[in-house]
Amino acid sequence: MNDFLLEVLVEEIPSRLQSGAIKEFENAVTSRFNAQRISYDSVKTFISPRRIVFSAKLNAKIDAFTEEKKGPQTTAPAEIIEKFLKANNISREQCIEKTIDKKTFVFANVEHEAKNTADLLGDIVRESIAAISWQKSMHWGKHQFHFVRPIRNIMAMFGGKQVNVTLPEIDLKSCDYTFGHRFLSPQKIQATDIDSYVSSMRRAFVIVSQEERKKIILDSFKKIENENNISVEVTESLLNEVVGLVEYPVVLLGHVPEKFMKLPEEAIITPMRTHQRYFPTRTADGKLAPFFVFVANNVATDKGATIIRGNERVLNARLADAYFFFETDLQKPLESHLEDLKKITFQEKLGTLYERTKSLSKVCDFVYEEISKYNAGFSATTAALLRRAATLAKCDLPTTMVCEFTELQGIMGGHYARIQEENPAVCDAIRDQYKAADDITAPVSALLALADKVEIITSFFAIGKEPTGSKDPFALRRAAIGILKIIKSQNLTIDLRNIVQKTFNQLTVKDLKPDTVNNVMLFIMDRLKVLLKDSGISHAVAKAVTVGESDILNAYRKAETLNEVLNSEVGEKLVSEYKRAKNIMQGTSTAADIDSALFSEQCEIDLFEAISTAGKKIENLNKDESTEACEKFKQQLSALIEIEPKVSAFFEQVLVNAEDEKIKGNRFALLNRLISVFNSLKLQTILDDLG
């Protein structure tokens, strides 16, 4: 096998697009190898900000082969058959006919001559380059060819010789050389295989392997940590982004002036990480350290001193702005920004952020009213804290800090509230409102987030802005999942429909959709089905417990209980026997009462008594308002399970379709009563699906 080496030299490829692009390019090349029957091995691909690299070992020749091609049916119109013949350069006499599934098709045996792999590589490379589907692309100069960034050079080598690749759309032809690092080694470099290419590029200050660049960066982090007794705070997303920004990583350490360390951590980290792609550092006790680590794409003769000073100036300018914003915002109470919310439109039909804040405060009252009915531990103090948190929740949005650093919404509100001596629970709730539901633990924070999500879903549904297909511009699906997770994590027994109904009723928007409440509940319950199935609950159970339910916690618990029972040996028997009873009763319409005088077997008497006992227990529990809903359901389910041995004995010992019509009808009535007991727990949907 001969070495094939390809490098496409491009202007800077955005880091976020690199991972997907190199996988797609590899698939594009190898799929064309397969189509041309080119044998290949040892495939390697790399990508850097400026290079897309592919290498493999290929057979120099492709042996002759015969390919059988399936054509149209023999009954197809003559012009369709003729088109097939012309495409394969054969006559009708050269074809054979084969019958498949009682249909006869025309088949052609197409002979392919032996070919040289080198003769095919030009087209394969050109087609593969064009096949990459960039999220965003551009054309340059007078050309209309689109690519992520302008292509500057193509080096293509096979078996030590140049492969002729032409991109006439951009007037570019391949060559036998490439170029090193843009600043450190811009001269021409030649290579014939991947090993010589990688080593030559390394000498030219280009590390072509993404994994090697990542290792260099992480090793440098370790060295800096050991030398300065600090830890570098690394996030995988930022690390991967930086790996895609540099070809020759050089890790350096910068300093943050002590003045700026008085800022809240997030106000320091956000400019570092989000705006400058720097890594913050921490001291041994976990506090933010006055240093930052960054990755340069250059080697300086002064050991990086000039580069460090330049990056410090850039970061210090941003931190100076943040410090000014912070001091300015603290000159007025957070609550005073309520007036500013009147100037910010939330949504054209829903009004301003001030109007949304008023709406949210009302929904918080509804949430508390519902929760206080069924859940201990929530006092009038909780209600007051929740209402205060709702009032201040959006007040940081007009502040100068959040206007400049939008990522800090909620976070800065929490800091400002804490500095201005608001209750800690209120401060936490303001800070936590934008967090993922899984990360919210404090009760007031959870209730505020719950109210916020109910309000936003109901409001957008009310004006006809519900998600459609894959489009969800207002992230309402995520909000619905957040509602469900908060209710479960906080063990909240609430009537969610009641809260949604009250939320809808207080909206002051014109032309509200009349079916909003039903649609919102269906939407949320659809998300609940997904969560239940993801946690291992069967589809049948998830479907059944969500129908008509508005107590989310009860639905969760019923699903878990049912799933456990129905996956047990007793449960499986119960499903089987229920299904058997349904099948026997199929097509019958008996409404007769059970006549105990017609029982001829002890098992009939036992089943009748067991059904009666279970039915009464289930009915009494339905009337019992003192027992919690899920506990009530567990006891009812237990009563049903106790029937199972009697049902099993009945089917083993009795012929339901007795010759005596009266006995037969009586046994039908008994089975009908059995089915009605199952249906009283609304289990028929589950058992029908499972059975």
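Each residue of the sequence shown is one higher than the last, beginning at 639 in my numbering. Using N, Cα and C, we set each Cβ at its ideal position, and we do this for glycine too. Just so you know, these numbers come straight off a predicted model, no measurement behind them.
Asked	Found
By the DSSP assignment, the alpha helix (DSSP H) with L991 in it spans what residues?	991-1012
With a threshold of 16 other CB atoms inside 10 Å of the CB of F930, please say whether the residue is buried or exposed.	buried
Give me the Cα-Cα distance between A1055 and K1032, rounded to the nearest whole angstrom.	12 Å
Can you check whether the CB of M910 is closer than 8 Å to the CB of P902?	no
Span of the beta strand (DSSP E) holding G1052?	First-last for G1052: 1049-1057, but that is the alpha helix (DSSP H), not the beta strand (DSSP E).
Could you name each continuous alpha helix (DSSP H) segment of 4 residues or more that falls completely within the region 907-979, going from the start of the chain to the end?	943-967, 976-979
For G1329, which three-state DSSP category applies?	Only weak support is given to the placement of G1329: the predicted model assigns it a pLDDT of 48, under 50, and the question is left unresolved by the model.
So, is F962 buried or exposed, given that buried needs 16 or more other C-beta atoms within 10 angstroms?	exposed
Does the count of Cβ pairs from the region 706-716 and the region 657-666 closer than 8 Å reach three?	no
S677 to R951, Cα distance in whole Å?	55 Å
Does the region 797-815 come close enough to the region 777-785 to have 3 or more Cβ pairs within less than 8 Å?	yes
Taking the alpha carbon of F642 as the point to measure from, which residue in L696, E649, T683, R675 has its own alpha carbon closest?	L696
Which same chain residues end up closer than 7 Å to E1045 when comparing Cβ atoms and leaving out the 5 residues on each side of it in sequence?	T908, T912
Buried or exposed: where does D1076 fall if 16 or more other Cβ atoms within 10 Å of its Cβ makes it buried?	exposed
Give the list of continuous alpha helix (DSSP H) stretches no shorter than 4 residues that lie fully inside the region 1058-1109.	1062-1070, 1081-1100
Specify the secondary structure class of V881 as computed by DSSP and reduced to three states.	helix
Can you tell me which of the three DSSP states K1252 falls into?	One detail in the question is off: residue 1252 reads as Ala in this sequence, not Lys. It is helical.
Out of V1092, S1108, D1133, state which residue places its alpha-carbon closest to the alpha-carbon of A1117.	V1092
Spell out a yes or no on whether the region 1252-1262 and the region 1271-1279 are touching, meaning 3 or more CB-CB pairs, one atom from each, closer than 8 Å.	yes
With 16 as the cutoff for other CB atoms within 10 Å, does Q1128 come out buried or exposed?	buried
Exposed or buried, what is N1304 when buried is set at 16 or more other beta-carbons lying within 10 Å of its beta-carbon?	buried
Tell me the DSSP secondary structure of C733 in three-state form.	coil
So, are the CB atoms of I862 and A927 less than 8 Å apart?	no
Roughly how many whole angstroms lie between the Cα atoms of R787 and K1126?	48 Å
As a quick exercise: from P1283, S997, D1110, K900, pick the residue whose alpha carbon is nearest that of T1141.	S997
Can you check which of these residues, L1166, L991, L1134, is closest to K1123 by C-alpha distance?	L1166
Just the Cα atoms here: how many angstroms apart are H750 and L1169?	54 Å
Since R840 is in the alpha helix (DSSP H), which residue starts that stretch and which ends it?	832-841
Using a threshold of 8 Å, state whether the C-beta atoms of T755 and K682 are closer than that.	no
For L1035 versus L988, is the C-beta distance shorter than 8 Å?	no
Give the single residue among D1070, S1264, L976, P887 whose Cα lies nearest to the Cα of S847.	P887
Are the beta-carbon atoms of V1082 and L1024 separated by less than 8 Å?	yes
When burial is assigned at 16 or more other CB atoms within 10 Å of the CB, is V646 buried or exposed?	buried
With DSSP as the reference, label G709 as helix, strand or coil.	strand
Using only CA atoms, which one of V801, D833, R841 lies nearest to H819?	R841
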